[in-house]
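Per this note's numbering, residue -1 is the first one in the sequence shown, and the count goes up by one each step.
What follows is a set of notes on a single structure, which appears directly below.
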Amino acid sequence: VDVKRLRDKLALYLGLDWIYADEMPPVPATPAPTKPRSPGPAHLEELLRLGEIGYVRGIEAKLADLARLDGNAAFVETSKSFVQGFDMTGYIAFLKTFQPGKEETRG
């Protein structure tokens, strides 16, 4: 199969415009990620409660509320990465890192 010819025919029949790597605009530099900080004990407790029952929409709504408050961007983005992947175990473990002195007890 002549790949160049195939590519040209696809472009012709499908009306495609190929974008080549050397034509791509440079990707803007992203700032160094900041360490997430706790949104506060009341917010953490609510997020933990929602995570323990697996209420993803409730978590997303609470994170949207927190995103509107200053200083929570890193916390919200990290939390969202767990929630969007449906990793509730990782999400709860992440939240518990902000609760000093509260050890999980196992019976």
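All C-beta atoms, glycine included, are put in the ideal place defined by N, C-alpha and C.
Predicted, not measured: the structure shown is a model, and the values here were computed from it.
> Mind checking whether residue 49 and residue 90 have CB atoms under 8 Å apart?
Replying inline: Mapped onto the sequence shown, residue 49 falls at position 51. Mapped onto the sequence shown, residue 90 falls at position 92. In this structure, residue 90 lies closer than 8 Å to residue 49 by Cβ.
> Count the other CB atoms within 10 Å of the CB of residue 79; is the residue buried (16 or more) or exposed (fewer)?
Replying inline: In the sequence shown, counting from the first residue as 1, residue 79 sits at position 81. Exposed: under 16 other Cβ atoms inside 10 Å.
> Can you tell me the Cα-Cα spacing of residue 4 and residue 15, whole angstroms?
Replying inline: The residue given as residue 4 occupies position 6 in the sequence shown. The residue given as residue 15 occupies position 17 in the sequence shown. About 14 Å.
>> the ligand COA and residue 60: does the residue's C-beta get closer than 7 Å to at least one heavy atom of that ligand?
In response: For the structure depicted, the ligand COA is absent and the ligand set is empty, with no information on it obtainable.
> Roughly how many whole angstroms lie between the Cα atoms of residue 65 and residue 73?
Replying inline: Taking the first residue of the sequence shown as 1, we reach residue 65 at position 67. Taking the first residue of the sequence shown as 1, we reach residue 73 at position 75. Distance between the alpha carbons of residue 65 and residue 73 is about 9 Å.
> With burial defined as no fewer than 16 other Cβ atoms inside 10 Å of the residue's Cβ, what is the status of residue 37: buried or exposed?
Replying inline: Indexing the sequence shown from 1 puts residue 37 at position 39. Residue 37 is buried by the Cβ-count criterion.
> Does DSSP put residue 66 in a helix, in a strand, or in coil?
Replying inline: Mapped onto the sequence shown, residue 66 falls at position 68. DSSP places residue 66 in coil when its eight states are reduced to three.
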